[in-house]
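Counting with the working numbering, you get residues 3 to 485 for the letters of the sequence shown. Ideal Cβ placement from N, Cα and C applies to all residues, glycine included.
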Amino acid sequence: MYSVPISRDADEAEFRAVARRCLASGLGPQVLTFADPDQPSLLPRPLPREDIAPFTVPRNFAALLTDAICHRAPDRFALLYDALWRITHYKSHGERELATRAADPVIAKLADYAHQVRRDIHKMHAFLRFRECKEDDKHDGKSRFTAWFEPQHFILKRAVPFFVERFPSMDWLIATPIGTAIFQDGALTYGPPAQKPPEGDDRVLDELWLTYYRTTFNPARVRVKAMTSEMPKHYWRNMPETALIPDMVAQASVRVAGMDDADDGAAPLFAQRIAERRATVVAIPRAPIAALRAEASACQRCALHTAATQTVFGEGPENARIVFVGEQPGDQEDLAGKPFVGPAGEMFNRALAEAAIDRGIVYVTNAVKHFKYEPRGKRRIHQRPNAGEVRACKWWLDRELTTIEPELIVALGATAAQSLAGRSVSVLRERGPADFAGRSGFISIHPSFLLRLPDAAAKKKEYENFVADLHRIRVLMETKRVA
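Structure follows, in structure tokens:
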């Protein structure tokens, strides 16, 4: 018999090195015992070997080894070596398919160990809670965050990369009874086991989290066994929200009874909700365009202001009969602070001239006042605003229209039409005269659509259609003037 020294928390690399030496010496699992190197042993140790020939193992066994080696069970080394010996030595050719035999006692036990390790990693990802350190000497103005976790197995190095990807801009420390992980200035290092750090004092964040947890707790769906299975009590002492669980479970039946006795509060029919929404009239304050432009320059109604150069407000006479509403500023509009001055604006001006419409007498604006883009190298690529951003900017568009009171509003593109109509609009299907909440409107394409067409013939045809739309608009306005 031989005593093979191996660390109690040996990782995959250490086990592989030890196993290679034993296999090279031809030592079968029946003559080996794996022991902590710090513990004295009367058994001899295998002699070191320099002539270790390389060998390969099936991929499915390598995956099993990666997980099972992290288990706490002291017999995992013997089980893994037993399987490895059979794969590489049995009847000279080895049992290469051994890891696929779920009924094999050794493989079954290793598979169970691997499952428990993966579950422990999942629990660490789900239940670890960071707390900010309240220190007077914050380094480089950055806060430090600490967390304490008590894993069931040796999973620290397997679980920590998840937090590196999740919190790459934070400096943090995760302390456990099996080791410490420190992430600082973008570098990850590991240290020895540590004691549990002192509790942080983040009452605001703690109260927000506890309020959220208390609010989302559904007393009608309490399953205590299922809950403790998914959230074992072993982890409770390090999770602030678990202090609420006993009382909430105890009161669940009372709350459910109250829910049964309460009025059902049935929601109104969809048509009724829509009618009530349309019936609600909100007074829109009126102000000169110059005052609105100054007010909008500091707009923070949505997150787009953080990346844009400036607010791009509308431009044109305050008594314009026609208002053209585009989608959002482009790259050049963002830099210049004026609408329709880029390539799409140049095409718009040319089409207006061909339709005999003087741009100087119309008001031009956008449904969204900030440039939304995705940086790619030195370029800024246009991104379509989402519904929330369109709604946030509707405040400014409504105020422009209230001040100007135009006779016709022209929506150029789907985003403009969506903002004015209050719903999704198919420009090509609904192209032409429209109603925008009681205002006379007209829907057409945005000039940028023409720039994106790769086929020259298609671009020429669509440009002619756009000019034809502008001709219809001019005729419509002349008819209104005569009337």
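Could you pull the start and end residues of the alpha helix (DSSP H) that residue i belongs to?
| i | result |
| --- | --- |
| S450 | P449 to L453 |
| W238 | Segment: none, W238 is in no alpha helix (DSSP H) and carries neither H nor E. |
| I109 | P107 to F129 |
| L25 | E14 to A26 |
| T230 | V226 to E232 |
| F151 | Looking at the DSSP string, F151 is not in any alpha helix (DSSP H), and its letter there is neither H nor E. |
| F132 | It is not in any alpha helix (DSSP H) - F132 carries neither H nor E in the DSSP assignment. |
| I247 | I247 to A252 |
| F164 | L158 to R168 |
| I291 | I291 to A298 |
Using a threshold of 7 Å, state whether the C-beta atoms of residue i and residue j are closer than that.
| i | j | result |
| --- | --- | --- |
| A369 | V343 | no |
| A394 | I445 | no |
| K111 | L81 | yes |
| A293 | R476 | no |
| P435 | F350 | no |
| D122 | P153 | yes |
| I180 | P194 | no |
| N35 | S9 | The sequence given here places Thr at residue 35; Asn does not occur at that position. No, the Cβ-Cβ distance between T35 and S9 is not below 7 Å. |
| E402 | G316 | yes |
| D437 | I286 | no |
| K371 | W398 | yes |
| K227 | W150 | no |
| L453 | E464 | no |
| A459 | V327 | no |
| P341 | V314 | yes |
| T90 | F57 | yes |
| F156 | D11 | yes |
| I447 | V469 | no |
| G2 | E329 | Shown here, the chain extends from 3 to 485; a query on residue 2 therefore has no answer. |
| K374 | L422 | no |
Tell me which residue opens and which closes the beta strand (DSSP E) that residue i is part of.
| i | result |
| --- | --- |
| S442 | R441 to S446 |
| L100 | That residue, L100, is in no beta strand (DSSP E); it is neither H nor E in DSSP. |
| P194 | Unbroken run through P194: none, as it is neither H nor E. |
| L430 | Element bounds for L430: not the beta strand (DSSP E) but the alpha helix (DSSP H), V429 to E432. |
| P7 | Y4 to P7 |
Nearest by alpha-carbon distance to residue i: which of the options is it?
| i | options | result |
| --- | --- | --- |
| L114 | A75, F151 and T148 | It is Asp, not Leu, that sits at residue 114 in the sequence shown. Nearest C-alpha to D114: A75. |
| F169 | A196, T178, R120 and H127 | H127 |
| L67 | A439, C304, E16 and H448 | E16 |
| F147 | F165, R51 and R160 | F165 |
| D13 | D40, D69, G28 and E348 | D69 |
| Q312 | F326, Y4, P287 and E297 | E297 |
| R120 | Q302, A65 and S171 | A65 |
| M172 | V366, Q32, Q186 and V162 | Q186 |
| A21 | I71, L49, L86 and H73 | L86 |
| I176 | T213, F219, F129 and T218 | F129 |
| T102 | H91, V59, L455 and V325 | V59 |
| P48 | C72, D360, P31 and F373 | P31 |
| I71 | Q118, I411 and W238 | Q118 |
| A353 | R378, R61, Y375 and K462 | K462 |
| R225 | W238, T213, P242 and I247 | I247 |
| T364 | I411, N62 and R386 | The question names Thr, but residue 364 in the sequence shown is Val. Closest by alpha carbon: I411. |
So does residue i have its beta carbon nearer than 6 Å to some heavy atom of the ligand MN?
| i | result |
| --- | --- |
| T218 | Judged by which ligands are present, the structure shown has none, so any question about the ligand MN falls away. |
Exercise. Return the chain-ordered ranges of every beta strand (DSSP E) run that is complete within the segment 335 to 415 and spans a minimum of 3 residues.
Key: 365 to 368, 375 to 378, 381 to 384 and 410 to 414
Quiz item: Are three or more beta carbon pairs between the segment 313 to 322 and the segment 394 to 413 nearer than 8 Å?
Solution: yes
Quiz item: Counting pairs of beta carbons, one from the segment 328 to 346 and one from the segment 380 to 390, are three or more of them closer than 8 Å?
Solution: yes
Self-check item: Unbroken stretches of the alpha helix (DSSP H), 4 residues or longer, contained in the segment 36 to 90
Solution: 61 to 70
Quiz item: Per the contact definition of three or more C-beta pairs closer than 8 Å, is the segment 37 to 46 in contact with the segment 98 to 107?
Solution: no
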